[in-house]
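J.: Would you mind keeping the following structure in view while I ask a few things?
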Amino acid sequence: MANADFLNEINKRRTFAIISHPDAGKTTITEKVLLFGNALQTAGTVKGKKSGQHAKSDWMEMEKERGISVTTSVMQFPYNDHLVNLLDTPGHEDFSEDTYRTLTAVDSCLMVIDAAKGVEDRTRKLMEVTRLRDTPILTFMNKLDRDIRDPLEVMDEVESELDILCAPITWPIGCGKSFKGVYHLYRDETILYQSGHGHTIQEVRILKGLDNPELEDAIGSDLAETLRDELELVRGASNDFDKELFLDGQLTPVFFGTALGNFGVDHMLDGMVEWAPAPQGRETDESPVESTDTKFSGFVFKIQANMDPKHRDRIAFCRIVSGKYEKGMKMRHSRLGKDVRISDALTFLAGDRALLEEAYAGDIIGLHNHGTIRIGDTFTSGDNYRFSGIPNFAPELFKRIRLRDPLKQKQLLKGLIQLSEEGAVQVFRPLANNDLIVGAVGVLQFDVVVARLKAEYNVDALYEHINVNTARWVYCKDEKKLDEFRRKGEQNLALDGGDNLTYIAPTRVNLQLSQERFPDIEFKNTREN
Ligand code: G4P
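The numbering of the sequence shown is UniProt numbering, which starts it at 1 and goes up by one.
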């Protein structure tokens, strides 16, 4: 039976990710969020492009050069009696597959919008992904210290383009040079902004009540009048916050502020811990698992190599779905049907790694991976079910990969298979020849693979064009029919990194013809472990 302490541990946790278009301010918000969580004394160490410090997640030279974050890191910090897990999602669209899987491991998302720009491309795509699970979304309208667009217009855009209702929780007073702060609609408070305090937690001045006579003094009588007029309009024209609709993913509470000026981020965090859901259960191939189940369970959504050059290892990121991790506990690796004792799981405090004593539902633990863990793997305390919904996607881009030095074929294959287990890329070995085909969802993955093969496996490889347009995993319950298909279709069949049979089609038309010719064969564009 779950006791009160155990339930309290679960209820105080919040696990979320930030979704945004590049440059909207995700990194800056992450810094400030960690600052509030006391995880960083002075904000500015997450990226610090200007200061020359490099983020913990900037683990590859390529990332630094391109100024993008390729990896997903995990940070845990306390906030107001709660424990918050923030999962960083890669910003570049080429890593959408990784991002997708990270979003399966969170219970809510923070959408960051550059209020001068409004809804941008990448946000649109990420919102589509969150829709698949109706993840609750909070919104932060950023960069109020710059001249922004009319906030009502930006909220309209969010509503119409992203198909989610907006409920402003705070309302901005001015913007750019005349940004004065926000009015909190539910606390009936004006919270005043002071510029130049972005790196520390500000002592803010708060004025209670809209008719507070000090308001005129603080923000000027023109802005005070505008604020009162706007609020009348906003209250009439926009939605009230509704927790049920929020939890259904149909309505988003909206906060305004400036991440750079460290203003407003705490209002959002207050909303997050108050309204965002505590860790949720997940579906399996048997019955769903509730987060309050006392038996341990979790799934792997990400595998990452060499996060820290000092530790040349591979870490599997496991989201705990239920129960409790305790150092030294035995877990069942469900796919392999094997029990393993885990005494060195890692936690990720503000990007630093530390050995972990215990962890609960909603937490992410890092498991050392010596080649037996794949994305989507399930760990339980003795059961054999598997979590569902952590897919591999059929790649859209293909290249043949070849060695400069033919003696290293074995290392090349080992490297490619390990990288495919991490989800960094997919590899296909045709049944009919000795080619090695690399498949990717985004074009940048090809460069990452060659760079990592060189750095981690000492293999010098190059790409050649190959006439492949798309791939499908093939299934058939009838062994005989599958055998027949294997014989007749051998020229187009390959094994992927996990030895799963895959149809490699030179053109869409070819795929379509094969589907018509072999109606008993299933051609799938996603695969789960
Ligand atoms: P990202 O992770 O979403 O890509 O965005 P990031 O936080 O790196 O922010 C992108 C740029 O926007 C950065 O400037 C950052 O300083 C700036 N920024 C973030 N929040 C605010 C804000 O509230 N107000 C203003 N005015 N700017 C903001 P940069 O010059 O590209 O980078 P940096 O050299 O300052 O790191």
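Don't be surprised by glycine CBs; every beta carbon is placed ideally from N, CA and C.
Here's the rule: buried if 16 or more other CB atoms are within 10 angstroms of the residue's CB, otherwise exposed. What is Ser343?
T.: Taking the sequence shown and counting its residues from 1, one reaches residue 343 at position 343. The residue in question, Ser343, is exposed, as its Cβ has fewer than 16 Cβ neighbours within 10 Å.
J.: Is any heavy atom of the ligand G4P found at a distance shorter than 8 Å from the C-beta of Gly261?
T.: Within the sequence shown, numbered from 1, the residue matching residue 261 stands at position 261. Answer for Gly261: yes, Cβ within range of the ligand G4P.
J.: Just how far apart, CA to CA, sit Glu464 and Phe398?
T.: In the sequence shown, residue 464 corresponds to position 464, counting from 1. In the sequence shown, residue 398 corresponds to position 398, counting from 1. Going by the C-alpha atoms only, they are around 9 Å apart.
J.: Are Leu501 and Arg486 closer than 9 Å when you measure CB to CB?
T.: Translated into the one-based positions of the sequence shown, residue 501 becomes position 501. Translated into the one-based positions of the sequence shown, residue 486 becomes position 486. Result yes, Cβ atoms of Leu501 and Arg486 sit closer than 9 Å.
J.: How is the beta strand (DSSP E) around Leu165 delimited, first residue to last?
T.: Residue mapping note: residue 165 aligns to position 165 of the sequence shown, counting from 1. Its beta strand (DSSP E) spans residues Leu165 to Pro168.
J.: For Glu357, I'd like the list of residues in its chain whose CB is within less than 7 Å of its CB, leaving aside the five on either flank, ordered along the chain.
T.: Translated into the one-based positions of the sequence shown, residue 357 becomes position 357. Correct list, in chain order: Lys327.
J.: Am I right that Asp435 and Thr258 are in contact with their C-beta atoms under 8 Å? What's the rounded C-beta distance?
T.: Taking the sequence shown and counting its residues from 1, the one referred to as residue 435 is at position 435. Taking the sequence shown and counting its residues from 1, the one referred to as residue 258 is at position 258. That belief does not hold up - the Cβ atoms of Asp435 and Thr258 are roughly 53 Å apart, past 8 Å.
J.: Which whole-angstrom value is the C-beta distance of Leu162 and Ile19, which I expect to be below 8 Å?
T.: Position 162 of the sequence shown, counted from the start, is the residue given in the question as residue 162. Position 19 of the sequence shown, counted from the start, is the residue given in the question as residue 19. Contact doesn't hold; Cβ gap of about 11 Å is too wide.
J.: Look up Gly298 in the DSSP assignment and say whether it is helix, strand or coil.
T.: Against the sequence shown, residue 298 aligns to sequence position 298. Strand at Gly298.
J.: Work out the CA separation of Gly196 and Ser69 for me, nearest whole Å.
T.: The residue given as residue 69 occupies position 69 in the sequence shown. The residue given as residue 196 occupies position 196 in the sequence shown. For Ser69, the predicted structure reports a pLDDT of 38, less than 50, and the residue's modelled location is therefore unreliable. A value from the coordinates is still provided. In a straight line, the C-alpha of Ser69 is about 27 Å away from that of Gly196.
J.: Say the cut is 8 Å; is the CB of Gly257 nearer than that to a heavy atom of the ligand G4P?
T.: Along the sequence shown, read from residue 1 onward, the residue named residue 257 stands at position 257. True, at least one ligand heavy atom lies under 8 Å from that Cβ.
J.: If I measure Cβ to Cβ from Glu65 and keep anything under 8 Å in the same chain, skipping five residues before and after, which residues do I get?
T.: Within the sequence shown, the letter at position 65 stands for residue 65. Legend: pLDDT at Glu65 = 43, less than 50; position of this residue unreliable, value from coordinates given subsequently. Hits under 8 Å: none found.
J.: Give, in chain order, every unbroken run of the alpha helix (DSSP H) that is at least 4 residues long and sits entirely within the segment 76-123.
T.: You should have 96-104.
J.: Could you have a look at Tyr457 and say whether DSSP puts it in helix, strand or coil?
T.: As a working note, residue 457 is residue 457 in the sequence shown. Residue state, collapsed to three classes: helix.
J.: Taking only runs that begin and end inside the segment 224-290, name each unbroken beta strand (DSSP E) of 3 or more residues, in chain order.
T.: Within the segment 224-290, the complete beta strand (DSSP E) runs of at least 3 residues are 251-256.
J.: Looking only at its chain, what residues have a beta carbon closer than 7 Å to the beta carbon of Val112, apart from the 5 residues adjacent to it on each side?
T.: The count along the sequence shown starts at 1 and reaches residue 112 at position 112. Closer than 7 Å at the Cβ level, and outside the excluded window around Val112, lie Ile18, Ser20, Ala24, Gly25, Lys26, Ile29, Phe140 and Asn142.
J.: Exposed or buried, what is Thr507 when buried is set at 16 or more other beta-carbons lying within 10 Å of its beta-carbon?
T.: Position 507 of the sequence shown, counted from the first residue, corresponds to residue 507. So Thr507 ends up on the exposed side.
J.: Could you check if Asp112 belongs to the surroundings of the ligand G4P, using beta carbon to heavy atom distance under 8 Å?
T.: Locating residue 112 in the sequence shown gives position 112, counting from the first residue. With the sequence shown as reference, residue 112 is identified as Val, and Asp is not the correct amino acid for it. True, at least one ligand heavy atom lies under 8 Å from that Cβ.
J.: Around the Cβ of His370, are there at least 16 other Cβ atoms within 10 angstroms (buried) or fewer (exposed)?
T.: In the sequence shown, the residue the question calls residue 370 occupies position 370. That one is exposed.
J.: DSSP has Ser322 in a bridge; who is on the other side?
T.: Residue numbering aside, residue 322 sits at position 322 when the sequence shown is read from its first letter. Looking at the DSSP assignment, Ser322 forms a beta bridge with Ser297.
J.: Using beta-carbon positions only, say whether Leu210 and Asp188 come within less than 9 Å of one another.
T.: Sequence index remark: in the sequence shown, residue 210 carries index 210 (1-based). Sequence index remark: in the sequence shown, residue 188 carries index 188 (1-based). Yes, the pair counts as a contact, with Cβ atoms nearer than the cut-off.
J.: Are Val265 and Thr378 close, meaning C-beta to C-beta below 9 Å?
T.: For this step, residue 265 is matched to residue 265 along the sequence shown. For this step, residue 378 is matched to residue 378 along the sequence shown. In this structure, Thr378 does not lie closer than 9 Å to Val265 by Cβ.
J.: Between the Cα of Tyr457 and the Cα atoms of Glu484, Leu403 and Tyr503, which residue gives the shortest distance?
T.: Mapped onto the sequence shown, residue 457 falls at position 457. The option with the nearest alpha carbon to Tyr457 is Leu403.
J.: Just to check, is the beta-carbon of Arg149 closer than 8 Å to a non-hydrogen atom of the ligand G4P?
T.: As a position in the sequence shown, residue 149 is number 149, starting the count at 1. No.
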